[in-house]
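The structure appears below as structure tokens.
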Amino acid sequence: MKFFSAKQIYAADKFTIEKQQISSIDLMERAAIQIFNWLHVRMQGAQVKIHLFCGIGNNGGDGLALARHLKEHGYNIEVNVVNYSDKRSKDFLINLDRLKERKVWPNFLERDGEFTVIGPDDIIIDAIFGIGLNRSPDPWVARLIGHLNSSGAFILSIDIPSGLYMDKAIEDVNAVIKANHVLSFQVPKLVFFLPETGVFSNQWEILDIGLDQEYLKDTETEFEVIGKSEVLPMYKPREKFSHKGTYGHSLIIGGSYGKIGAVTLSAKACLTSGSGLVTAYVPRCGYVPIQTALPEVMVITDKNETAIGAITFDIKPTVIGLGIGMGMASETGDALSEFLETNKLPLVIDADGLNLLAKHKSFLNKLPSKTILTPHPKELERLIGTWKDDFDMLKKAKVFSKKYDVILTIKGAHTMTIYNNHGYVNSTGNPGMATAGSGDALTGIITGLIAQGYEPLQAAIFGVYLHGMAGDLAIEHTGYQALTTSKLIDNIGMAFVDLFKMPEPPQEAEPQEKP
Ligand SMILES: NC(=O)C1=CN([C@@H]2O[C@H](COP(=O)(O)OP(=O)(O)OC[C@H]3O[C@@H](n4cnc5c(N)ncnc54)[C@H](O)[C@@H]3O)[C@@H](O)[C@H]2O)[C@@H](O)CC1
Ligand SMILES: Nc1ncnc2c1ncn2[C@@H]1O[C@H](COP(=O)(O)OP(=O)(O)O)[C@@H](O)[C@H]1O
Ligand SMILES: [K+]
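In my numbering, the protein residues as written are 34 to 548.
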């Protein structure tokens, strides 16, 4: 699924209105009915106080139309118009009239007015600003937003939490609604996935308001979200008459005294992802532990006992995953430098491999085209420098990726893979994965996919998806806290199987007895 800009969403509206020969007020009505149905199914007429806060644009218009439907179904509502401007939209005004025709009289909130008291068991509908926000809310609107956030009431935001921009960072974190739930129209918004802005949408879901599918399909976007339907076409089936040579030979290079486990995890994840053969290249102290833990994995030892001092081998791997647990010893840096001089094999670089690249920036020029780098934010900072906010980070990451022709897989709650000015935002994974070694497993998975013939960009995108899905499947048995990387690796197989699971058909409702 793609992430559209506000401009593209407005264009989709316009296109849909022309093609379906409807008016904009009809589209607003569709949106409002969808929200009403969502609420009605859950509330079943309950008389909880619902406070609607509506701005003066189309987001506010949605709120007013929703208020009308709630009123018609007997809900206990109170409507507030947040009168932050006199430029009221046409469809807002139509819905204001429709509401007044039903004898609902909103409170008009002004700069110096008092705000309504809201109980912690009430519900707030946030329809103050939508995707049209283009400057900081006035201080009094920010004060209102603070009042709503501190009420303790459940906040349902329409389309986007008010105060969030679609395409830039927020200036004042206190002037953004902290939504318990967001009902967003048609397409997800990138800001739900970025760490600084994502925290304002505890949960979100998409409501289909029937925007033109052809427009959505044909419009190019800078970012997209990666789910099952995006990765399924990438999957390479296993051939009947294949042999282990068909699926490549992965070499995992890393480890140092006390950090051999990182290589063990990475090599195991690599094997479990389907690499035909896996060899680990480690300092001598890693020989016994890896041979004992992983009988399927071959081991080559460095000349040194505790840290890698020369990267030389006489096997012919398909791909190399490098850097996990490798340490930053100067002789390891020299070994990497020498290795990069002649290496032509595809590379996946993580952890201390990245730290060594950051320390010796000249190494970056020696990387083969489409090398995959998998930094977490701190490692990324060492590579590209600091950033002002998430949007600035994405801009800098794109420039860096272009400059060195590398694929950047930036790890986090929603890992983002950047290449060729395009961003692929992962949708799988969970906070249980914030655990030792889970990044090592990712390096192994991506390396294992390249070994099997996946193009590096596909391997990065698909590998991140599988890694997150393995984590999601694992927590069904472990919960978040007890998820370990070993358990995640045990679920990589089921993450592949899950690709082919059909969603369960909706259960038919029990026939109602006639009264
Ligand atoms: N395709 C869709 O997604 C649809 C969207 N609709 C709704 O329309 C919304 C967008 O509506 P609008 O474009 O009217 O914009 P908003 O309702 O988000 O914003 C209101 C207006 O206030 C002005 N404004 C922006 N920042 C301000 C500030 N800080 N202080 C004062 N005024 C400010 C803007 O010029 C904007 O037109 C969506 O978020 C959604 O709720 C629906 O009505 C119908 C279909
Ligand atoms: N809150 C989270 N939600 C989803 N995934 C997460 C979360 N925290 C961490 N992860 C994932 O776990 C992995 C952690 O990698 P990394 O920081 O390199 O850890 P380590 O060095 O222990 O291997 C990344 O793939 C990241 O995307
Ligand atoms: K809103």
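Just so you know, even glycine gets a beta-carbon here, dropped at the ideal spot from N, CA and C. On a predicted model such as this, the values are computed, not experimentally measured, just so you know.
Keeping to the same chain, check which residues put their C-beta closer than 7 Å to that of K431; ignore five residues upstream and five downstream.
For the purposes of this step, residue 431 is taken as residue 398 along the sequence shown, with counting starting at 1. Hits under 7 Å: I451 and N454.
Per DSSP, cross-strand counterpart(s) of V115:
Counting from one through the sequence shown, the residue named residue 115 turns up at place 82. Answer by DSSP bridge pairing, in chain order: L142.
Assign L369 to one of two classes, buried (16 or more other C-beta atoms within 10 Å of its C-beta) or exposed (fewer than that).
Stepping through the sequence shown from its first residue, residue 369 is reached at position 336. Under this definition L369 is a buried residue.
Which stretch, first to last residue, makes up the beta strand (DSSP E) that contains H282?
In the sequence shown, residue 282 corresponds to position 249, counting from 1. From DSSP, the beta strand (DSSP E) with H282 extends over H282 to I286.
Is the closest heavy atom of ligand 2 to the C-beta of D95 under 7 Å?
Against the sequence shown, residue 95 aligns to sequence position 62. For ligand 2, not one heavy atom lies less than 7 Å from the Cβ of D95.
Do you know how far the Cα of I178 is from the Cα of A44?
Residue numbering aside, residue 44 sits at position 11 when the sequence shown is read from its first letter. Residue numbering aside, residue 178 sits at position 145 when the sequence shown is read from its first letter. Between A44 and I178, the C-alpha separation is close to 29 Å.
For P270, collect the residues of the same chain with a Cβ closer than 8 Å to its Cβ; drop the 5 residues on either side in sequence, then sort them by chain order.
In the sequence shown, counting from the first residue as 1, residue 270 sits at position 237. Within the same chain, P270 has no close Cβ partners at all.
What do you reckon, is the C-beta of D46 under 7 Å from a heavy atom of ligand 4?
Ligand 4 is absent from the structure shown, which contains only ligand 1, ligand 2 and ligand 3.
Which full runs of the alpha helix (DSSP H) of 4+ residues lie inside the segment 446-503, going along the chain?
471-484
Just to confirm, does M359 get its C-beta within under 7 Å of one of the non-hydrogen atoms of ligand 2?
Working through the sequence shown from its first residue, we reach residue 359 at position 326. Checking every heavy atom of ligand 2 against the Cβ of M359, none is found closer than 7 Å.
CB contact flag (P170, G196, <8 Å)
Counting from one through the sequence shown, the residue named residue 170 turns up at place 137. Counting from one through the sequence shown, the residue named residue 196 turns up at place 163. In this structure, G196 lies closer than 8 Å to P170 by Cβ.
Select from V74, G445 and L400 the residue whose C-alpha is nearest the C-alpha of K411.
For this step, residue 411 is matched to residue 378 along the sequence shown. Measuring from the Cα of K411, the nearest candidate turns out to be G445.
Below 6 Å CB to CB, which residues in the same chain sit around A208 once its five sequence neighbours on both sides are set aside?
Along the sequence shown, one-based indexing puts residue 208 at 175. So the list reads P170, A175, I178 and G196, once near-sequence residues are dropped.
Restricting to runs no shorter than 4 residues, where is the alpha helix (DSSP H) found entirely within the segment 196-246?
228-231
D124 Cβ short of 7 Å to ligand 3 heavy atom set:
Position 91 of the sequence shown, counted from the first residue, corresponds to residue 124. No, since every heavy atom of ligand 3 falls outside the 7 Å radius drawn around the Cβ of D124.
From G260 to P464, what does the alpha carbon distance come to, in whole angstroms?
Taking the sequence shown and counting its residues from 1, the one referred to as residue 260 is at position 227. Taking the sequence shown and counting its residues from 1, the one referred to as residue 464 is at position 431. Rounded to the nearest angstrom, the two C-alpha atoms are 18 Å apart.
Straight-line Cα distance separating E364 from H500
Numbered from 1 along the sequence shown, position 467 holds the residue referred to as residue 500. Numbered from 1 along the sequence shown, position 331 holds the residue referred to as residue 364. C-alpha separation (whole angstroms): 32 Å.
Per the DSSP calculation, K35 is bridged to which residue(s)?
Along the sequence shown, read from residue 1 onward, the residue named residue 35 stands at position 2. K35 pairs with E257.
Where the beta carbon is closer than 7 Å to any heavy atom of ligand 3, which residues qualify, in chain order?
N92, D159, A160, I161, F162, G163, S190, I191, D192, I193, P194, S195 and I210
On the three-state DSSP scale, how would you describe L441?
Along the sequence shown, read from residue 1 onward, the residue named residue 441 stands at position 408. Three-state DSSP puts L441 in a strand.
Count Cβ pairs between the segment 69-80 and the segment 272-280 that sit closer than 8 Å; are there 3 or more?
no
Coarse secondary structure for G309, derived from DSSP in three states
Looking up residue 309 in the sequence shown gives position 276. Coil.
Taking L380 and P401 to be in contact with their CB atoms under 8 Å, please state how far apart those CB atoms are, rounded to whole angstroms.
Residue 380 sits at position 347 when you count from the first residue of the sequence shown. Residue 401 sits at position 368 when you count from the first residue of the sequence shown. Indeed, because the Cβ distance is near 6 Å, the residues count as touching under 8 Å.
Keeping to the same chain, check which residues put their C-beta closer than 8 Å to that of G146; ignore five residues upstream and five downstream.
As a first step, residue 146 must be located in the sequence shown, where it is residue number 113. No residues qualify anywhere along the chain.
Can you give the Cα-Cα distance for I161 and I89, rounded to whole angstroms?
Within the sequence shown, the letter at position 128 stands for residue 161. Within the sequence shown, the letter at position 56 stands for residue 89. C-alpha separation (whole angstroms): 8 Å.
Would you check whether ligand 2 has a heavy atom nearer than 7 Å to the C-beta of L400?
Taking the sequence shown and counting its residues from 1, the one referred to as residue 400 is at position 367. Not so, every heavy atom of ligand 2 lies at least 7 Å from the Cβ.
Helix, strand or coil for Y248 per DSSP?
The sequence position of residue 248 within the sequence shown is 215, counting from 1. Y248 falls in the helix class under three-state DSSP.
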